[in-house]
Structures are given as C-alpha cells and as structure tokens.
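Following this line, the structure appears as structure tokens:
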C-alpha cells in the first residue's frame, strides 16, 4: 500500500512538471499579452488541481491495471496450451490466432464506444448539423472502423507483414472515398480518426500490441509491437466516409422511389 502511495505521489509531481508549461503559456497570454485578470481565479485554480490529480490517477491506473491487463490477455490468447491444447505440437500459423483477431475486434469496438472524446465530438456534430449527422450512427461507424483496424493490425503482428503496405493501401482507399463522399462529412471523418486515439483506446491498444509481439514467436516488440494505433486512426475515416456515402445513397433511392410513385 505504501509503495502505491509513493508511486501516486511521484506521478503527481511528474504530472505537475508536465502540465506547468501549458499553465504557464495560458497565464502568460492572459496577463502579459491580453493584460486582463482571470475571472473566477479560485475556481480556475481548483479546476487545475483537479486536472493534475485526475491525470495522476489516470497514469497510475494505466501502469497498475490497463497495461498489465492488455499484456496478460495477449499472452493468454497466444499461449500454446490455449491455441493447440495440451500435448499438441504448435504450428504457429496465422489462422491459429482466430481468438486474437476476435478479441482485437471486440476490444477495439468497446473502447471506442466508451471514448469520451468521441462522445463529445459526435454530440457536437449532431447539434451543429441540426440532426443531419446522428451522434449514435457516427459513434457506431467510428467504433466499427477501429474494430476492423485493430483486428487487421493484430493479423499484421501475427503474420509479420510490413506495416507500411497496410497504411498506404488504407489511405489510398480513403483518398478515393474522399473524392466521392459528401463534402459535409469529409472534415468530420478525418477528425474521427484522431479522436478515437485518446485516453481509453491508446493505452489498451499499445499494451495489446506489445504483449502480442512479445509472445508470438519471431516477432519483435520494437518492430512489430507498435502500429495498432495507426490502424485505429485510419480505418475510422474509411467507415465514417462509407457511412455518409451509404446514407446519401439511401436518401437518393428513397427520393427516386417517391418520385416514381
């Protein structure tokens, strides 16, 4: 217990050092450039303390729970006794890791649905668009994109194929979709790839990728362990653009059916 408290205290001090440049920049512009006092100064100080405290607990939680959990799941799902059963000779073929791909899909979907940044962006998008963009539909499209991206990323780690080929092909598809997608959705689709890689998704995916690369024979954590977050960034763009294109196609089809009647 004492060791955990010391860890929290050390992380709190380190977080203050990390946040200090941000706070210093804000205060510099407020008092030196704008030359105006802050309104509700005491509330701002309390809020800043809560930010530092929240970041501290979040970082400690990552180290104590999220990273070990992601690593443990990767190790258990790739253990020879789980893949082949007791006494069976391991072959380590890519199709032996089906449950890894399923887990990657499900954890990618679940973490994205719970992502606070995505929730905020989707609600704002629905509000500003006057309901033309549904918050729930946007979240589901982004979550599906992350899920597909993570499962393909897990396949890349298991198979040992080159990362850049997947990313280049994915962005070529995104560029082709951009030429055909409704203009209203394009900026939001590109932003969706960024908001998914935030507080909930990134730590777990990083732990999953590193744990997977550490347990699959012939894979290097440094070379193969990273890259899942890149998949989680590009594939949501594809699914959001596809969601907009499908919605536009449905509207045109309904309009055509109504005109024929």
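Numbering (my numbering), first residue to last: 651 to 911.
Note that the Cβ used here is the ideal one computed from N, Cα and C, for glycine as well.
I'd like the span of the alpha helix (DSSP H) that includes residue 874, first residue to last.
Unbroken run through residue 874: none, as it is neither H nor E.
Between the Cα of residue 873 and those of 809, 891, 895, spot the shortest distance and give me the residue it belongs to.
Here the closest residue by C-alpha is 809.
With a cut-off of 8 Å on the beta carbons, I'd call residue 669 and residue 701 a contact; round off their distance for me.
Yes, residue 669 and residue 701 are in contact; Cβ-Cβ is about 7 Å, under 8 Å.
Should residue 772 and residue 788 be called a contact, given that it needs their Cβ atoms to be closer than 7 Å?
Yes.
For the region 886-904 and the region 836-844, state whether three or more C-beta atom pairs, one from each stretch, are separated by less than 8 Å.
At 8 Å Cβ cutoff, the stretches touch.
Would DSSP call residue 729 helix, strand or coil?
DSSP places residue 729 in coil when its eight states are reduced to three.
Determine the DSSP secondary structure at residue 777, reduced to helix, strand or coil.
In this structure, residue 777 counts as helix in the three-state DSSP scheme.
Going by C-alpha to C-alpha distance, which of 843, 895, 711, 769 sits closest to residue 830?
Ranking 843, 895, 711, 769 by Cα distance to residue 830 puts 895 first.
Just checking, does the region 852-859 make contact with the region 716-731 on the three C-beta pairs under 8 Å criterion?
Flag = yes, the region 852-859 and the region 716-731 touch.
Looking only at its chain, what residues have a beta carbon closer than 8 Å to the beta carbon of residue 884, apart from the 5 residues adjacent to it on each side?
Answer for residue 884: 799, 817, 820, 821, 824, 843, listed in chain order.
Leaving out five residues on either side along the sequence, give the residues of the same chain with a beta carbon under 8 Å from the beta carbon of residue 741.
Same-chain partners within the cutoff: 734.
From residue 712 to residue 761, what distance separates their C-alpha atoms?
Whole-angstrom Cα-Cα distance: 14 Å.
Just reading off the alpha helix (DSSP H) that residue 666 is part of, what are its end residues?
That run of the alpha helix (DSSP H) goes 652-678.
Which class does residue 850 belong to by DSSP, given the choice of helix, strand or coil?
Correct three-state label for residue 850: coil.
If you scan the region 873-899 from start to end, which runs of the alpha helix (DSSP H) of 4 or more residues do you find wholly inside it?
Qualifying alpha helix (DSSP H) stretches: none in this window.
Which of the three DSSP states, helix, strand or coil, is assigned to residue 700?
Here residue 700 sits in helix by DSSP.
What is the DSSP secondary structure of residue 844, reduced to helix, strand or coil?
DSSP places residue 844 in helix when its eight states are reduced to three.
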